[in-house]
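This report refers to the structure that appears directly beneath it.
Protein chains: 2
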Amino acid sequence: MRLEETLERITPVSEEWMMKAKERLDNLTKPRGSLGMLETLAARYVAITKEIPISMPEKEIFVFVGDHDVVTHGVSAYPQEVTTLMVKTFLAGRAAINVLSRCVGATVSVIDIGMKHDLKDEKGLIRRNVGRGARNIAHGPAMERDEAEKAIEVGIEMAERARERGARMIATGEMGIGNTTPSAAIFSSILGLNPEDVAGRGTGVDETGYRNKVETIGNALKRNNEILTDPVSVLAAVGGFEIAGICGLCLGGAAAGMAVVVDGYISGAGALLAMRLNQSVRDYLFFSHRSLEKGHKLFFEVEGLRPILDLDLRLGEGTGAAIAMQIMEDAFQLFNGMATFEEAGIEPGA
Amino acid sequence: MRLEETLERITPVSEEWMMKAKERLDNLTKPRGSLGMLETLAARYVAITKEIPISMPEKEIFVFVGDHDVVTHGVSAYPQEVTTLMVKTFLAGRAAINVLSRCVGATVSVIDIGMKHDLKDEKGLIRRNVGRGARNIAHGPAMERDEAEKAIEVGIEMAERARERGARMIATGEMGIGNTTPSAAIFSSILGLNPEDVAGRGTGVDETGYRNKVETIGNALKRNNEILTDPVSVLAAVGGFEIAGICGLCLGGAAAGMAVVVDGYISGAGALLAMRLNQSVRDYLFFSHRSLEKGHKLFFEVEGLRPILDLDLRLGEGTGAAIAMQIMEDAFQLFNGMATFEEAGIEPGA
């Protein structure tokens, strides 16, 4: 579905079902609110799906893959070829995200949305390449505006496909050497923060690499300054294809009435763009974890959001989202399975 | 096994196996350390069990149940009978801990270690009652010193029983109306902190109840001041039977070379006593979550410990521990299942 159409279809979640969920939670055999965040997760999921009891959802994790010419500035600890090698590891089922998705019972889908290298015959890869790597953002825009829209629409397509296959809970993930740099540029531009406050060490650059990174982000924002006018323009100017895919998955998920579990820092940049394109998107997003990447904490503070986990993860791929899905399912099982006060013969207390 | 004998059997975990685990972790297809806490959890588990690959452990959660005469001071939002009613709900498999233990595939064992009411014929209840409720700590000691030792030994017995049945990962849980009050008294006494800094709202007392609670804790510490000389004395003076059981489970688990997942605030008080009885116990403990209860945060800070989760839980029963067990198993699966750099044909980076 086209971007404009998708944005129009997104509505706030049901307050009526949110109330119904809270009512049930307050009748379960526990002090009111004592399951903390597990209660708010379950209630929001009910407000999205409008269903009590909760049906345990089919789950799909989308790993969007893209490259970044900005790596020539030495902003990453790994060479660009690692993107391709990691995609092969995903498809072989041997990466962290594969292991975790098996733990939680989710499908993993890997999408070439902006890889440099064309993995033509690779079995299992979803081929939706919009461009062969994002161009060097320090020298000009990462992509054209219509490419950005097209990449967002790939994300929307993935959400719709998941919905058709019966999924009610989807998650974002990514792979792309160098992609914390454009993510930091997006946080900086959208939130009005300094590059040094939002840029972190990524997968582990040294001090020189870090200084290059901050400088490169500053240059990218300066060089593209005139076109940083709206979320899609920011994405096209200083973003990347996989970030566009994540943005689209958030939008498509919200439009289709699904819960979207957002992974870490890079996914956060995509989700932020989606929230700026339509403010009701926020109701459908579940932020899985606070990554060790510096600007992530700031993002949550500025946006008034709270992630589910805080495990010092900084791997990406969707790893934090997979673990968070497990906790969400725990919350759903509690919602469905606990006895009510009446069933237990207890007077509700405080 | 007797307390003294158990304390003598506890040794520090294997540094050699810790190193072996770290070596493997650094060879997996991810930037070094990028799985954050998941890496440290797996490494410490290997240091405990001395086994690579990790065998997915049998798991057992122990819910120790006791009552507290201190409830007559209005320190809890619920009447004492709720302890009995909740035990029935546990045995019927309908409480939060039952739902979560099914999610994680753990057995739940419920132990009457200090219940007021004798549930004689209740099927499935493990009957090890040491005393019919802890006595009112504001007026004198909760129990005699030999009762405290006996209750600790019940916990040790449970750990040994679990080990014999093949468990390698056990968890603490509890139920007992009023038991945040003795827990706060233990934190205050052992850590040298003021009652108002460690006491929280428990399951939800109002302002008057909270003031009663702080005052009652102060009175308990004053009244028992002369006998607060060592961990077992503190337990006997201002603790409770279920807290003693938890302390024993930590000790027995460490002595038997098992990982012990510690639930929330009350379990934390039991674990703190165990750590003071033998400092190597710490190596075997995994603190599952930071509860909303005020003093819990302070306890972690003072002891330099970091909990796995922070979900605003304040229910007890072992609920946080059950969820943390899931995350630990995720860590073990990653440890076993991810490809190495060599297998993926990637040069290790930073």
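Protein chains in written order, with the working numbering: chain A, 812 to 1161; chain B, 812 to 1161.
Glycine included, every Cβ here is placed at the ideal spot set by N, Cα and C.
This one's a predicted model, so the numbers in the text were calculated from it and none came from an experiment.
Next item on the list: Measuring only between beta-carbons, confirm whether A:D878 sits less than 9 Å from chain B.
Entry: The beta-carbon of A:D878 is placed no less than 9 Å from the nearest beta-carbon of chain B.
Note to self: Assuming A:S1099 and B:L1124 are in contact, meaning their beta carbons sit under 8 Å apart, how far apart are those beta carbons, in whole angstroms?
What the structure shows: With a beta-carbon spacing of about 18 Å, A:S1099 and B:L1124 fall beyond the 8 Å limit used to define contacts.
Note to self: Between A:E1112, A:C1058 and A:L1120, which has its C-alpha nearest A:Q1090's C-alpha?
What the structure shows: With distances taken between Cα atoms, A:Q1090 lies closest to A:C1058.
Next item on the list: Assign A:K870 to one of three DSSP states: helix, strand, or coil.
Entry: The answer is strand: DSSP assigns A:K870 an E or B state.
Check: Are A:I908 and A:G1013 touching if we call contact CB-CB under 9 Å?
Finding: With contacts defined by Cβ atoms closer than 9 Å, A:I908 and A:G1013 do not form a contacting pair.
Next item on the list: Residues of the region 841 to 852 of chain A with a CB closer than 7 Å to any CB of chain B: list them in chain order, please.
Entry: Residues of the region 841 to 852 of chain A whose Cβ lies closer than 7 Å to any Cβ of chain B, in chain order: K841, P842, R843, S845, L846, G847, M848 and L849.
Check: Closer than 8 Å, Cβ to any Cβ of chain A: which residues of the region 1089 to 1115 of chain B, in chain order?
Finding: Listed in sequence order: L1103.
Next item on the list: Just confirm the distance between the C-beta atoms of B:A982 and B:A1133, as a whole number of angstroms; I'd bet it's less than 8 Å.
Entry: About 7 Å separates the beta carbons of B:A982 and B:A1133, which is inside the 8 Å limit, making them a contact pair.
Next item on the list: Could you spell out where the beta strand (DSSP E) holding B:R979 opens and where it closes?
Entry: Looking at the DSSP string, the run of the beta strand (DSSP E) that includes B:R979 is A978 to M986.
Next item on the list: Mark A:S866 as exposed unless 16 or more other C-beta atoms lie within 10 angstroms of its C-beta, in which case mark it buried.
Entry: So A:S866 counts as exposed.
Next item on the list: Please list, in chain order, all residues of the same chain as B:L902 whose beta carbon is under 8 Å from its beta carbon, the five residues on each side excluded.
Entry: Correct list, in chain order: V921, E933, K934, G935 and L936.
Next item on the list: Would you list, in chain order, the members of the region 887 to 898 of chain B that have their beta-carbon closer than 9 Å to a beta-carbon of chain A?
Entry: Of all residues in the region 887 to 898 of chain B, those with a C-beta nearer than 9 Å to a C-beta of chain A are S887, A888, Y889, P890, E892, V893, L896 and M897, reading in chain order.
Note to self: Cβ closer than 7 Å: which chain A residues qualify as neighbours of B:T900?
What the structure shows: The contacting residues are T840, A1150 and A1155.
Next item on the list: Using a Cβ-Cβ cut-off of 9 Å, state whether B:N909 counts as contacting chain A.
Entry: It does; some Cβ of chain A falls within 9 Å.
Next item on the list: Inspect the beta-carbon positions of B:A804 and B:L1096 and report whether they are closer than 9 Å.
Entry: The question about residue 804 of chain B has no answer here: the residues shown for chain B are numbered 812 through 1161.
Check: Could you give the distance in angstroms between the alpha-carbon of A:M980 and the alpha-carbon of A:P868?
Finding: In this structure, the straight-line span from the alpha carbon of A:M980 to that of A:P868 is close to 6 Å.
Check: Taking C-beta to C-beta, are B:G925 and B:A906 nearer than 9 Å?
Finding: B:G925 is not a Cβ neighbour of B:A906, given a cutoff of 9 Å.
Next item on the list: Have a look at A:F1146 and A:E850 and give me their C-alpha separation to the nearest angstrom.
Entry: So the alpha carbons of these two residues sit roughly 8 Å apart.
Next item on the list: Can you pull the chain A residues whose beta carbon is under 7 Å from the beta carbon of B:D1141, in chain order?
Entry: Result: L911, C914 and I1134.
Item checked: Straight-line gap, A:L1109 to B:V824 (C-alpha atoms, nearest Å) -> One C-alpha to the other measures close to 38 Å.
Next item on the list: For chain B, find out if any of its Cβ atoms is closer than 9 Å to the Cβ of A:G1015; answer yes or no.
Entry: So yes, A:G1015 belongs to the interface.
Check: How about A:E1114 and A:L1088: do their beta carbons lie closer than 9 Å?
Finding: No; because the gap between Cβ atoms is not below 9 Å, this pair is not in contact.
Checklist line | Between the CA atoms of B:R820 and B:A1080 - distance to the nearest angstrom | finding: B:R820 has its alpha-carbon roughly 22 Å from the corresponding atom of B:A1080.
Item checked: B:R1022 CB to nearest heavy atom of the ligand MG below 8 Å -> Within the structure as shown, the ligand MG is missing, as the structure has no ligands at all.
Margin query: If you reduce the DSSP assignment to three classes, tell me which class A:G925 lands in.
Written below: In the structure shown, A:G925 sits in a strand (DSSP, three-state: E or B).
Checklist line | Residue range of the alpha helix (DSSP H) that includes B:L1062 | finding: For B:L1062, the uninterrupted alpha helix (DSSP H) run begins and ends at F1052 to A1066, by DSSP.
Notebook entry, point to check: Buried or exposed: which applies to A:N940, given that a residue is buried once 16 or more other Cβ atoms fall within 10 Å of its Cβ?
Noted result: It counts as buried.
Next item on the list: Within its chain, find whatever has a CB closer than 6 Å to the CB of A:A1055; leave out the 5 residues flanking it on each side and keep chain order.
Entry: Result list for A:A1055: A959, A962, I963 and L1046, in chain order.
Item checked: Spatial distance of B:A1155 from B:R1101 (CA atoms) -> Cα to Cα, the separation comes out at about 38 Å.
Next item on the list: Give the C-beta separation of B:G1051 and B:P993 to the nearest angstrom, bearing in mind that I take them to be a contact with Cβ-Cβ under 8 Å.
Entry: About 5 Å; that satisfies the 8 Å criterion.
Next item on the list: Tell me the start and end of each unbroken alpha helix (DSSP H) in the region 1007 to 1033 of chain A that is at least 4 residues and wholly inside, in chain order.
Entry: As far as the region 1007 to 1033 of chain A is concerned, it has no whole alpha helix (DSSP H) run of at least 4 residues.
Margin query: Please identify the residue among A:T840, A:R938 and A:R813 whose C-alpha is closest to the C-alpha of B:V893.
Written below: Among A:T840, A:R938 and A:R813, the Cα nearest to that of B:V893 belongs to A:T840.
Checklist line | Within chain A, partners of B:R1125 - CB distance below 9 Å | finding: Residues of chain A passing the Cβ test: P842, G844, S845, L846 and G847.
Checklist line | Where A:H879 sits in the DSSP three-state scheme | finding: Three-state result, A:H879: strand.
Item checked: Contacts around B:T1027, its chain only, beta-carbon distance under 7 Å, and the 5 residues preceding and following it disregarded -> The answer, listed in chain order, is V881, H884, V886, A949 and T992.
Next item on the list: Have a look at B:G1024 and B:R1034 and give me their C-alpha separation to the nearest angstrom.
Entry: The displayed chain sequence assigns Lys, not Gly, to residue 1024 of chain B. Going from the Cα of B:K1024 to the Cα of B:R1034 covers about 15 Å.
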